[in-house]
Each structure stands twice: as C-alpha cells, then as structure tokens.
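The structure appears right after this line, and notes come after that.
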C-alpha cells in the first residue's frame, strides 16, 4: 500500500493549466524534497518517489527534481554501506600490528609459499583425487580402512 509522503498535502499542488508543478523543486535537502525523514527505510524512499512521479508525471522539471533527489539518497546510502563494509585484510593487518611482540614473531616465522607452488600442489592433489576415484570405481576401494 503506497502512502502519501509526509508534508504532502492536497493544497501543495500548484496547477499550471492541466499540469501540476512540484512545489518543493527548490528545496536542497533531498529527504525534505521527497517528503520523508532522514531515517526512512529504502521502501519508504521508493514509495515516495513513485507516488510523486505519478502525481507530477506531466511536468518534466518536477520529474527531474524528484529523480535527482531519489538518486542522491540512493548514492548516499550506497556510499554509507560501502564505508561500513568489512575489509578483512586490513582488519587482520591492524590486529597483527596491535598484537604483542611474541605473536608478531610467530607470524613472521610462518612463511607462505609462492602462488606457483600452491597452484602446482593444488593440481597434484586434484589429480590424485581423480585417480583415486577412478581406481576405486574399477576395482573396489583404493584405500582400505583396517
């Protein structure tokens, strides 16, 4: 059910012939322009946008103003979500930097092999698994337990 956005009253419509003009086109705050609060959920933003677009469908400047506000709210929301995204690599690095010296020594002691070695071992392991499955299909289990 689509509700009429807040601060939107039937007296706000200013007719221009048969086409009504959006009265809040000059409002800078995109939330106020759409008639919603800053803590509105995404569904409320969408429903307000759709309601206003239906209301002012014939007036191009009004539609552009509504769309611009909607896009600004969505981009702000997207950037906020992107900022709060967990970056595991930097978080782990930060924890290592803040850890006691004995943990740093332990981590520096462990050496990661080059990617080429890891890939070669991965292919060798995959070959051994395929070979083992193939052999067990032909003549019973390849590995006997007990």
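In the numbering used here, the protein residues as written are 861 to 1006. The beta carbon of each residue, even a glycine, is placed where N, CA and C say it ideally should be. As the structure is a prediction and not an experimental result, all values here were calculated from the model.
Beta carbon of residue 905, beta carbon of residue 912: below 8 Å?
Contact flag unset, no.
Count the C-beta pairs between the segment 878–888 and the segment 922–930 that are closer than 8 Å, then say yes if the count reaches three, no if not.
yes
Please go through the segment 887–964 and give each complete alpha helix (DSSP H) segment of 4 or more residues, from N-terminal end onward.
Listed in chain order, they are 890–894, 902–915, 920–943 and 948–958.
Excluding five sequence neighbours on each side, which residues of the same chain lie with their C-beta closer than 7 Å to the C-beta of residue 868?
Residue placement at residue 868 is poorly supported in this model, since its pLDDT is 48, which falls under 50; the coordinates still yield a value, given next. Correct list, in chain order: 895.
Using three-state DSSP, classify residue 984 as helix, strand or coil.
DSSP places residue 984 in helix when its eight states are reduced to three.
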